[in-house]
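The block underneath contains the structure these notes are about, expressed in structure tokens.
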Amino acid sequence: MEAGEDCQASYESEMAELLEILDSFKISDIDPLDEEAFCAALSEALPKTELAPYFDVYGKYPYKFPLWASDYV
Numbered sequence: 004m005e006a007g008e009d010c011q012a013s014y015e016s017e018m019a020e021l022l023e024i025l026d027s028f029k030i031s032d033i034d035p036l037d038e039e040a041f042c043a044a045l046s047e048a049l050p051k052t053e054l055a056p057y058f059d060v061y062g063k064y065p066y067k068f069p070l071w072a073s074d075y076v
């Protein structure tokens, strides 16, 4: 029973963290378990925030940007 409870607690903790990330980018309507939608939404949101200074300095986005779900398989 304890292992199942630990898995459930871990799942809930990770899901809460993913939802917090999505909410911080104002894209909380995305299903965090839909990897393609998650990566696409973050790729769309990031340039306007964290990656804007990188683009301003280098004139391009970092290697492997935008994010693709296949990059994490």
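With the sequence shown counted from 1, adding 3 to any position gets you our numbering. In this text, a Cβ means the ideal position worked out from N, Cα and C, and glycines have one as well.
Item, Value
"Span of the alpha helix (DSSP H) around Asp-59", "55–61"
"Integer Cβ distance of Pro-35 from Phe-41, believed to fall under 8 Å", "6 Å"
"Three-state class that DSSP yields for Ser-13 in the structure shown", "helix"
"Boundaries of the alpha helix (DSSP H) in which Phe-41 is found, first to last residue", "38–48"
"Ala-72, buried or exposed, once every other Cβ within 10 Å from all chains shown has been counted against 16", "exposed"
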